[in-house]
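Protein chains: 2
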Amino acid sequence: MRRASFQRFLSSSGKRFLSQKIIPFTFEKYPNVKRNPNFKSIDSQDIAFFQSILPSPQSILQSDLDEFNIDWMYKFKGQSQLVLKPTSTIQVSQILKYCNEKNLALVPQGGNTGLVGGGVPIFDEIVLSLKNFNKIRSFDEINGILKCDPGIILQDAQEFLASKGYIFPIDLGAKGSCQIGGMVGTNAGGLRLLRYGPLHGSILGLEVVLPDGTIIDGMHSLRKDNTGYDYKQLFIGSEGTLGVVTGISVATPIKSNSVQVAFMGIKDYSSAMKLYVKAKQDLGEILSAFEFMDGQSQEFVKKYRSTTSPSITFPLEESYPYYILIETSGSNKDHDQSKMETFLETAMENELIEDGTIAQDSNEAHELWNWRELIPESCQLNGGSVYKYDISLPIRDMYSLIEETNKRLQEQSLIADSSSSPSSSSSSSSKPVIGAVGFGHMGDGNIHLNIATKQYSKEVESVLEPFVYEFVSSKNGSISAEHGIGFQKKPYLTYGRSKEEIQLNRQIKNLFDPKGIMNPYKLL
Amino acid sequence: MRRASFQRFLSSSGKRFLSQKIIPFTFEKYPNVKRNPNFKSIDSQDIAFFQSILPSPQSILQSDLDEFNIDWMYKFKGQSQLVLKPTSTIQVSQILKYCNEKNLALVPQGGNTGLVGGGVPIFDEIVLSLKNFNKIRSFDEINGILKCDPGIILQDAQEFLASKGYIFPIDLGAKGSCQIGGMVGTNAGGLRLLRYGPLHGSILGLEVVLPDGTIIDGMHSLRKDNTGYDYKQLFIGSEGTLGVVTGISVATPIKSNSVQVAFMGIKDYSSAMKLYVKAKQDLGEILSAFEFMDGQSQEFVKKYRSTTSPSITFPLEESYPYYILIETSGSNKDHDQSKMETFLETAMENELIEDGTIAQDSNEAHELWNWRELIPESCQLNGGSVYKYDISLPIRDMYSLIEETNKRLQEQSLIADSSSSPSSSSSSSSKPVIGAVGFGHMGDGNIHLNIATKQYSKEVESVLEPFVYEFVSSKNGSISAEHGIGFQKKPYLTYGRSKEEIQLNRQIKNLFDPKGIMNPYKLL
């Protein structure tokens with residue numbers, strides 16, 4: 001393992017700056033994964049062809065490719081020698097047709113914010129970056145239907161929609177970098193799925209290019225359309241292994257006039273569950289997020305923010321074992337306030353909440369959200385390397401995963417005593433694990449387990465895996481709620497899917513991509 | 001054409017009684033459609049096999065099969081000699097495996113309420129009736145997740161869920177007969193899609209049996225699960241052509257404490273569009289239905305109800321060119337009433353509404369819904385035969401389809417002068433068409449065009465088709481919003497789907513069902 005812990009900097013916009021430290025190539029870390037010898041290596045003739053269809057020199061990159069080869073988590077590093085940046089569906093079609101004929105493997109890449117190594121090359125696959133293919137095509141103001149290119153950044157789409165009185169149905173922490181096409185490819189879930197449902201319900205149509213270059217123009221804009229198999233659904237969450245999504249038609253909800261955010265401390269997990277059921281009942285149709293955070297996760301954020309924003313104070317006076325963030329979005333401020341007041345008052349009476357605060361304006365709301373959204377990068381800052389597990393579990397079993405993982409790490413003497421202050425310097429303990437925290441979208445049964453470590457190590461990894469996957473499988477959960485399988489979780493697919501399901505998926509892959517050129521070594 | 005107009009009776013529960021009149025066999029009406037000679041005909045050995053796996057004599061029917069052979073609209077009549085009624089997934093698997101080996105074709109059948117001939121045999125296909133495979137498997141009261149067999153009737157599921165404080169996410173007129181499995185197979189949309197989205201977003205998992213008998217147990221119950229292609233989506237709307245859905249896991253919304261229903265008359269279509277945008281803004285998150293009806297459709301219901309329920313009076317004092325029914329569902333009665341009052345007052349001020357009424361209790365709400373839900377059967381009673389088109393169109397083009405169709409029928413002198421009273425006896429005019437009416441789910445861009453005629457005739461049909469499909473195609477609409485393609489619309493699939501999309505669908509069909517035994521002659 002040449003990789004050591006290294007300093008990482010994240011700008012406030014979520015954009016990253018690559019560290020100067022050395023990251024090992026994926027093929028070195030995973031010597032059992034072999035390059036498929038059927039794939040051709042690129043040569044000067046290939047470059048000449050790509051130059052003929054991508055006339056702009058900025059559309060073909062052959063050097064300084066780290067930002068395309070290295071994943072967001074610095075866990076994977078490919079060896080691609082070529083990045084293509086098409087700006088139209090026709091160009092994508094020409095590229096795929098050529099690659100399919102020549103047996104050149106490709107990895108489609110959006111904002112490269114994926115967490116499972118799905119969006120970066122493993123060997124020398126060509127990177128097909130969609131970042132310059134990023135125009136809004138049209139917006140229907142009566143129906144709220146957005147049609148756009150794949151490379152548009154979520155935050156840009158959100159700002160455009162806000163100016164029209166609408167919102168994008170999915171929101172997530174990586175909004176400043178992630179692209180709509182990548183969100184479709186990975187079936188992004190995020191913060192408000194609870195309210196607006198999954199992309200499988202919101203996407204009305206897709207334009208896709210199949211590996212042989214065939215353009216399937218399915219940019220439909222109808223909420224109801226039962227005229228054949230809904231093949232587009234296969235592309236939602238296919239992680240770039242079936243073809244390339246080149247156009248998206250999506251139904252967007254009306255922007256709410258009134259948004260409320262409350263942040264509260266609670267005494268135990270049982271109260272969190274009761275609070276969730278109560279929120280569904282009392283807040284009903286205006287509930288738009290119900291986020292869970294454990295105490296340790298907030299200790300990490302406190303430490304992180306004490307460095308990055310020293311003037312900011314934690315929203316509650318004391319610390320609690322668990323925290324809940326609730327957001328409501330509605331059309332009538334008075335009604336929404338009244339519902340929230342009733343909910344909070346009765347929850348306090350029933351002793352489900354220990355303490356809480358409500359944002360008084362949008363700045364305060366944004367600030368409360370920060371305590372939830374900054375957890376992932378706070379985990380990184382505390383250590384250097386983070387093991388991330390993105391799990392769906394029945395709500396009653398959700399937190400037991402975090403407890404069992406902590407117990408296991410303690411039994412193996414890999415983690416500092418949880419009673420010691422997590423805000424103490426990470427170097428004060430000789431243990432490799434700094435902390436294991438749990439947080440997530442409780443309303444969706446989706447919990448994130450992050451284990452902050454000083455560095456990635458086989459010792460820690462062997463304690464965590466396959467333990468985490470076995471635990472999840474035993475509770476009928478999902479080993480990947482929203483992050484996908486990519487390269488990282490491919491060996492563990494059997495923990496979440498039966499062999500019949502995997503076999504069916506293989507047949508689907510083979511139907512769409514018989515030569516296997518699309519994002520090889522991933523998913524299946 | 002041996003078929004003549006005939007009297008039809010519909011009970012209040014939506015159950016039908018077969019007429020004594022003769023209905024021609026489909027193969028006689030459509031001589032160009034040939035039985036696939038690859039399919040074997042059933043013989044005594046086959047029967048003996050089925051008896052060995054379905055021990056109950058009630059599970060194998062060989063006579064009096066009209067209710068399985070004839071479709072809901074009395075438009076299609078198959079010649080099946082065998083109906084099998086399995087009660088378990090294993091039995092379905094055994095049946096399919098045997099049929100696949102022996103080249104025996106099958107048509108899966110739910111409540112047989114389909115409108116495009118998709119659920120009945122065309123020739124001698126075995127009918128696989130799921131009606132006795134109808135148990136609720138489990139219900140999770142925290143998460144609202146229902147797991148059930150395919151044959152459960154929607155209304156039974158609704159009543160079960162209501163007792164738990166939840167609702168089924170889809171509601172439709174045929175609730176008294178249609179089955180959940182059939183709803184999945186046809187991707188039923190219905191009345192509240194506007195609020196709760198399509199089944200593609202609500203279905204969490206399916207158990208399916210592939211044509212070769214393979215059982216795919218995908219009864220997942222997680223809202224987020226990104227572990228491979230979402231193959232189950234292909235079964236939603238596949239009309240029984242890929243396999244048999246044997247289990248359903250579905251996320252159900254919380255039942256609203258407060259439901260309001262308003263019925264109003266408006267002066268023109270432009271007002272209807274403005275009212276829709278206003279309803280989205282003012283009623284926001286509590287809007288659960290926005291239904292459009294034209295004047296003629298209500299004249300038909302008035303006539304129908306004057307016979308069936310003579311004491312019932314129309315909810316408004318006068319008649320209007322168009323009507324709108326709005327439903328809200330929310331968690332707080334006071335808030336919902338306040339929102340509705342504001343909406344109605346300002347809509348009246350802006351002269352978007354001519355007159356209106358609000359239900360004071362659930363009986364009145366049900367009664368207002370009747371004026372919308374009874375349109376289809378009122379069209380049948382007025383004549384005898386109804387041409388039904390189920391169309392999605394951009395909202396601004398929605399009603400022009402009805403206007404253009406009426407114009408065309410008048411130009412061909414096929415319809416009585418629209419200025420004459422529609423409540424006069426249908427026999428008073430020599431014209432074959434009694435009336436063409438439009439109604440539907442405006443919030444979803446889904447309009448139903450029903451043409452009530454004295455009898456089905458080639459003359460009328462040639463004026464309607466392919467005209468309707470060409471019109472819809474020219475406006476980028478869908479020729480089947482929620483009814484599917486089935487047998488009836490198969491020749492017109494090219495009006496809504498590109499040749500690349502159809503080719504892809506054929507490949508998918510071939511992958512799942514290489515021998516083509518599942519519901520042949522339909523969809524593709």
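Which chain is which? The protein sequence lines are A and B, in order. If you're matching positions, the first sequence starts at 1 in UniProt numbering and goes up one per residue. If you're matching positions, the second sequence starts at 1 in UniProt numbering and goes up one per residue. Even for Gly, the Cβ is constructed at its ideal location relative to N, Cα and C. Computed from a predicted model, the values in this text were never measured in an experiment.
- In this chain, the alpha helix (DSSP H) harbouring T308/B covers G295 to T308.
- Beta bridge pairing from DSSP links A359/B with no other residue.
- The beta carbon of I42/B sits closer than 8 Å to those of Q81, L82, L104, D124 and I126, all from its chain and outside the five residues before and after it, given in chain order.
- Between the C-alpha atoms of R195/A and P86/B there is a straight-line separation of about 38 Å.
- Contact check for Y322/A against K255/A fails: the beta carbons are separated by 8 Å or more.
- If you draw a straight line from the Cα of N476/B to the Cα of E207/A, it is about 15 Å long.
- Residue contact check for I395/A against chain B: a CB pair falls below 8 Å.
- Taking CB atoms only, R223/B has a neighbour in chain A less than 8 Å away.
- D336/B and D212/A have their C-alpha atoms some 54 Å from each other.
- Approximately 6 Å separates the beta-carbon atoms of K77/A and T26/A; this is inside 8 Å, confirming the contact.
- In this model, T214/A and K29/B are separated by some 38 Å (Cα to Cα).
- Distance from the CA of R137/B to the CA of K458/B, rounded to the nearest whole angstrom, comes to 48 Å.
- With respect to the 8 Å criterion, D140/A and S221/A are classified as neighbours on the basis of their beta carbons.
- At a cut-off of 8 Å between beta-carbon atoms, K475/B makes no contact with chain A.
- Less than 8 Å separates the beta-carbon of Y469/B from that of Y495/B.
- Among the residues facing chain B, G484/A is included, as its CB has a counterpart in that chain under 8 Å away.
- In the structure shown, G173/B falls within a helical segment according to DSSP collapsed to helix, strand and coil.
- At least one CB atom of chain A sits nearer than 8 Å to the CB of P198/B.
- Interface criterion met: the Cβ of S238/B is under 8 Å from a Cβ in chain A.
- Counting only Cβ-Cβ distances below 7 Å, G496/B has contacts in chain A at T227, in chain order.
- Of all residues in the stretch 428-453 of chain B, the ones placed with a Cβ closer than 9 Å to any Cβ belonging to chain A are H441, G443, D444, G445 and N446, in chain order.
- Straight-line spacing of the CA atoms in E299/A and K175/A works out to 24 Å.
- When only Cα atoms are considered, I152/B and G330/B end up about 27 Å apart.
- Counting only Cβ-Cβ distances below 9 Å, D217/A has contacts in chain B at S498, E500 and E501, in chain order.
- Counting only the Cα atoms, S288/A lies some 13 Å from Q281/A.
- Residue environment: E317/A is assigned as exposed (fewer than 16 neighbouring CB atoms within 10 Å of its CB, all protein chains considered).
- Note on the stretch 96-130 of chain B: there is no whole alpha helix (DSSP H) run with a minimum of 4 residues.
- Near chain B, meaning a CB-to-CB distance below 8 Å, the residues of the stretch 318-352 of chain A are S329, G330, S331, N332, H335, S338 and K339.
- If you keep only unbroken beta strand (DSSP E) runs of at least 3 residues inside the stretch 226-278 of chain B, you get 244-251 and 258-266.
- Residues of the stretch 256-281 of chain B with a C-beta atom less than 9 Å from some C-beta of chain A are S256, N257, M273, Y276, V277, K280 and Q281, listed in chain order.
- Pairing N226/B with G237/A gives a Cβ-Cβ distance under 8 Å.
- Note: S138/B is bridge-paired with K147/B in the DSSP secondary-structure output.
- With contact defined as three or more Cβ pairs closer than 8 Å, the stretch 44-64 of chain A and the stretch 349-361 of chain A are not in contact.
- Counting every other CB atom within 10 Å of its CB across the protein chains shown gives S63/A a total below 16, marking it as exposed.
- In this structure, K224/A places its C-beta atom within 8 Å of the C-beta atom of L193/B.
- Annotated as distal: M293/B and F512/B, with beta-carbon spacing of 8 Å or more.
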